[in-house]
Amino acid sequence: MSTPFLVFIVISAVALLLFMVLKFKISAFISLLITAIYVGIVAGMPLDGIIRSIQDGMAGTLGFVATVVGLGAIFGQMLESSGGAESLAHYLVKKFGKDRASWAMVITGFVVAIPVFLDVGFIILVPIIYALARDTKRSLLYYAIPLLAGLAVTHSFIPPTPGPVAVADIINAQLGWVILFGIILGFPTAVIAGPVWGKYISKKIHLEPPFDFDKEPKEVDPKNLPPFRMIAIIISIPLLLILVNTFTGLAVSKEFISKSVTTDILEFLGHPFSALIIATLIAIYFLCIKRGMDKQKILELSTKALGPAGIIILITGAGGVLKQILVDSGIGKIMAESMANSALPPILLAWLLAAIVRVTQGSATVAMITAAGIIAPVLSEFGLNDPQRALVVIAIASGATLLSHVNDSGFWLVGKYLGMNEKQTLQSWTVMETIIALCGLVFTLLASLLF
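Residue numbers for the sequence shown follow the working numbering, so the first one is 1385 and each next one is one higher.
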């Protein structure tokens, strides 16, 4: 298989995927599966081999991702429905004061998006943005952009949100390293795209809060929110357990400590499955049962959480199928050998792939999974270690946030809630997302020099 033919297969596969999603509005799940089949046929795979690859790719990916994303969705639903996100925001605004509330909002967004989806977190917290803008007479963007930056960065960079979980599984990166780099590289990215950019753009575009925002019914009584400390501890539990697992495994492999029953227990408790089960049960007990929520209501909330999670799980599985087809057809190996001689580092290549798919079809999740599926077979040839693979995850996450515009549902959601027209949304939200993408790439490349 020649290099020009290989390039043709990859470009035509991406074009076919985008054509189906954009022109025919076919579900990303079906489109990814058809694209994978197309790649297998063009590469000359036997038809029964293509079917086997579909089965292996789906099974190999979903065994891990479905469990983590499902548990993470229920965990986030408990935090959302109990008023935990509002509690966090109110506490931080009170501590920082209204003058520095933009910093409180970026921290709130950064923490809340760990268990809660971006759009849900924004809808829950936007009344606080309205209240701050009304009280201080500042533009809504002064507070909204920092909140959105915190939400967007964590949503893309830090597990157990679905995007980085899916990418980490497809390219075989350890979640502990992804969490660590996501926090270290993500927070300065959120600060630049949030308070710094928000302060500038709020002087250019002045937005007033809607007059009737405080008349909307609230599910949770604002006077009966769970305490801040409880929320902070519950959110930190799965992250700390997963990080302990990662560093225990590293210490054992480097022979800093010897393998024992204690290390086995720490690694078991810190596996993403165990960590999220523990965190979810703690959230259900302390945020729901102990605060008087009906058991039937808890069951309904758990079921409701799995709806959007199911879509992400299936799309991720289809991304795993594309990766498996590339591996089994031999395209991945040939791609790796040709790219090994390329001047582009894997981090930049991964970022570019995610960015191209993101800008053309809009969905960050589809962009991340498509890029991961294409780049996964290549990485084995580069001999990357665990930290380097984690940095590739962050690079893909960064590229998948680039240039959100009219084909992204987030673009319309933000515009609607902040009362902006398309031009204002492009000037504020789209630029913020692009700052995240570029800062994420720069910080990831800098970090790659150390690992």
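Glycine included, C-beta positions come from ideal geometry on N, C-alpha and C.
With contacts defined as CB atoms closer than 7 Å, G1456 and P1544 qualify as a contacting pair. L1797 places its beta carbon 7 Å or farther from that of P1761. Straight across, the Cα-Cα distance linking F1631 with V1562 is about 13 Å. Per the C-alpha coordinates, the member of D1770, G1582 and I1617 positioned closest to N1556 is D1770. For the pair L1671 and M1462, the CB atoms are nearer than the 7 Å cut-off. Nearest to V1790 by alpha-carbon distance, out of E1806, G1783, A1663 and I1618, is E1806. For S1471, the uninterrupted alpha helix (DSSP H) run begins and ends at G1468 to F1480, by DSSP. Inter-segment contact for the region 1726–1737 and the region 1691–1703 is absent: fewer than three beta-carbon pairs are separated by less than 8 Å.
Counted as a single uninterrupted DSSP element, the stretch harbouring F1835 is not any alpha helix (DSSP H), since DSSP gives it neither H nor E. Its chain contains T1809 as the residues whose beta carbon lies nearer than 6 Å to that of G1799, once the 5 sequence neighbours on both sides are disregarded; these appear in chain order.
CA-CA distance, A1755 to A1574, rounds to 23 Å. A residue is called buried when at least 16 other Cβ atoms come within 10 angstroms of its Cβ; R1742 meets this threshold and is buried. The distance from the Cβ of P1611 to that of S1471 is about 7 Å, consistent with a contact at the 8 Å cut-off. Per the coordinates, the alpha-carbon of G1467 lies some 46 Å from the alpha-carbon of L1728. Residue range S1793 to L1802 is occupied by the alpha helix (DSSP H) that includes L1802. Counting the other Cβ atoms within 10 Å of the Cβ of N1608 gives fewer than 16, which makes it exposed. Bounds of the alpha helix (DSSP H) holding M1442 are L1431 to S1465.
Between P1594 and P1530 a beta carbon distance of about 20 Å is seen, past the 8 Å cut, so the two are scored as non-contacting. Inter-residue distance for I1491 and Y1422 is about 44 Å (C-alpha atoms, whole angstroms). Closest option to G1534, judged by alpha-carbon separation, among L1564, P1572, Y1514 and D1553: P1572. Taking a contact as a CB-CB distance under 8 Å, the pair T1445 and F1494 does not count as one, their CB atoms being some 28 Å apart. When C-beta atoms of the region 1499–1518 are compared with those of the region 1779–1789, fewer than three pairs fall below 8 Å, so the two segments do not count as touching.
Restricting attention to beta strand (DSSP E) runs no shorter than 3 residues, the region 1751–1784 encloses none.
In the structure shown, the three-state DSSP call for I1740 is helix. Here the C-alpha atom of A1689 lies approximately 33 Å from the C-alpha atom of F1827.
The Cβ atoms of I1458 and S1620 lie no closer than 7 Å to each other. Around the C-beta of D1553, 16 or more other C-beta atoms lie within 10 Å, and the residue is accordingly described as buried. The C-alpha of G1460 lies about 5 Å from the C-alpha of V1500. The alpha-carbon separation between P1430 and I1410 amounts to approximately 26 Å.
The C-beta distance from A1469 to G1703 rounds to 29 Å, too long to fall under 8 Å, and the pair is not in contact. Listed in chain order, the alpha helix (DSSP H) elements of length 4 or more contained wholly in the region 1607–1642 are 1612–1637.
Our two residues, V1449 and N1629, have alpha carbons roughly 18 Å apart in a direct line. The C-alpha of P1511 is placed about 30 Å away from the C-alpha of G1783. For W1561, the enclosing alpha helix (DSSP H) covers residues L1559 to V1575. If you compare the alpha carbons of Y1801, L1786 and P1546 with that of L1822, the shortest gap goes to L1786. In this structure, the straight-line span from the alpha carbon of P1548 to that of L1706 is close to 17 Å.
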